[in-house]
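FYI, this note's numbering numbers position 13 of the sequence shown as 633, with every residue one higher than the one before it. All residues carry an ideal CB built from backbone N, CA and C; glycine is no exception. What follows is a single structure, written as structure tokens, with notes after it.
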Amino acid sequence: MCDDCHHPSVIHKRQIFLQLYMLFICAPVIQGGLGVCDLRTFNKALLGKWLWRYHSEGGSLWKEITDARYGATWGGWCSNKVRGGYCVGLWKFIRSGWSCFERNVRFVVGDGNLISFWRDVWCGDHALERVYPTLFRIATNREASVAYVRLFLHGVHQWNVLYIRDFHDWELPIVSDFRNLLYSMRTPMTQCDRLK
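The structure is reproduced here in structure tokens:
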């Protein structure tokens with residue numbers, strides 16, 4: 621082996637060659653490439669499929685074992701974070717993608733028992749705690765489920781969000797916007813909560 625193989629210019633040339641080669645391999649056949657998919661992206665998609673299946677296969681043996689070993693997060697949408705290093709590699713790797721996965725899914729409200737009112741994305745494109753941080757800070761129950769806050773009285777759909785203090789004048793437009801958003805949502809109580 622030659623001494624100059626580790627020279628920075630040789631290493632740089634190898635990196636450029638590898639990048640061009642990967643572009644050729646991953647390019648579609650129509651464009652003259654080999655049509656091989658990007659393995660990193662494909663692997664993330666397959667791992668995301670396991671995260672999707674975690675909640676949708678509620679009674680499966682593998683999910684029950686995972687829950688028994690690591691516990692489940694609030695609502696049961698995913699397992700708790702995996703701690704330790706021995707014999708936990710596969711699920712630890714799958715679970716590490718939850719934050720990315722969670723940003724790309726929406727929760728569809730059914731009965732509302734499994735969806736966090738403030739922290740989950742179920743009403744609009746972002747969690748209510750991010751859209752209305754002022755109201756979140758003064759809410760009495762920041763861990764409430766949608767079912768806890770939603771009421772049906774005499775066939776009328778109502779939202780019962782409680783706060784630790786009265787509103788300041790400058791907060792009233794925010795409260796009005798918040799209530800308009802909530803009352804624009806139609807959430808059937810007869811279905812189960814699910815991912816979309």
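Environment of residue i [buried if 16+ CB atoms lie within 10 Å]
{"i": "residue 807", "result": "buried"}
{"i": "residue 743", "result": "buried"}
{"i": "residue 787", "result": "exposed"}
{"i": "residue 765", "result": "buried"}
{"i": "residue 650", "result": "exposed"}
{"i": "residue 667", "result": "buried"}
{"i": "residue 818", "result": "Because the chain in this structure spans residues 621 to 816, residue 818 falls outside the shown range and cannot be described."}
{"i": "residue 690", "result": "buried"}
{"i": "residue 770", "result": "buried"}
Rounded separation between residue i and residue j - CA only
{"i": "residue 720", "j": "residue 793", "result": "33 Å"}
{"i": "residue 635", "j": "residue 643", "result": "12 Å"}
{"i": "residue 736", "j": "residue 813", "result": "11 Å"}
{"i": "residue 803", "j": "residue 797", "result": "10 Å"}
{"i": "residue 758", "j": "residue 789", "result": "15 Å"}
Proximal residues to residue i (C-beta, below 6 Å), its chain only, five neighbours per side dropped
{"i": "residue 738", "result": "748, 749, 756 and 762"}
{"i": "residue 728", "result": "814 and 816"}
{"i": "residue 811", "result": "730"}
{"i": "residue 647", "result": "653"}
{"i": "residue 677", "result": "683"}
Beta-carbon proximity list for residue i, same chain, < 8 Å, skipping 5 on both sides
{"i": "residue 799", "result": "779"}
{"i": "residue 791", "result": "754 and 755"}
{"i": "residue 772", "result": "778 and 809"}
{"i": "residue 641", "result": "none"}
Sub-8 Å separation of residue i and residue j beta-carbons
{"i": "residue 654", "j": "residue 645", "result": "yes"}
{"i": "residue 671", "j": "residue 698", "result": "yes"}
{"i": "residue 731", "j": "residue 767", "result": "yes"}
{"i": "residue 683", "j": "residue 717", "result": "no"}
{"i": "residue 702", "j": "residue 694", "result": "no"}
Contacting residues, own chain, Cβ-Cβ under 7 Å from residue i (five flanking each side not counted)
{"i": "residue 687", "result": "699"}
{"i": "residue 696", "result": "675 and 734"}
{"i": "residue 760", "result": "782, 783 and 784"}
{"i": "residue 751", "result": "744"}
Residue(s) in a DSSP beta bridge with residue i
{"i": "residue 699", "result": "692"}
{"i": "residue 635", "result": "None, per the DSSP bridge assignment."}
{"i": "residue 765", "result": "736"}
{"i": "residue 759", "result": "783"}
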